[in-house]
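Q: The sequence shown begins at 323 in the numbering used here and counts up one residue at a time.
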Amino acid sequence: MMKKLFFTLCALAPAKLWACAACYGANIDAPMAEGMNWGIFTLMGVIGTVLAAFLTFLIYAIRKSEAMTAEAEKNSLEASKV
């Protein structure tokens, strides 16, 4: 019963309630479209910063691992010479 009521209300809802600034056809200079664009740019900046930090950490970890491996090999070669 609740499903039928929900779908009926969704079908009878005005189309303007479902549309965002881009879908509804608002002007690019409209405040809602401008706010949506700034929101998108902000989220892209946050995601880009997090991905860049993760990549930087991975590069740091790889270099540290290679340096430790090289140091261990150097120490084992010196120990085998003695």
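Quick reminder that beta carbons are idealized off the backbone N, C-alpha and C, glycines included. Predicted model only: the values in this text are computed from it and were never measured.
Can you give the Cα-Cα distance for I362 and S398, rounded to whole angstroms?
A: Answer to the nearest angstrom: the Cα atoms are 54 Å apart.
Q: Taking the alpha helix (DSSP H) that I352 belongs to, which residues open and close that run?
A: Reading the sequence as shown, one finds Ala at residue 352 and not Ile. No alpha helix (DSSP H) holds A352; DSSP gives it neither H nor E.
Q: If you draw a straight line from the C-alpha of A333 to the C-alpha of K326, how long is it?
A: Near 10 Å, if we compare the C-alpha coordinates of K326 and A333.
Q: Give the straight-line distance between the Cα atoms of M366 and E395, rounded to the nearest whole angstrom.
A: Approximately 43 Å between the Cα atoms of the pair.
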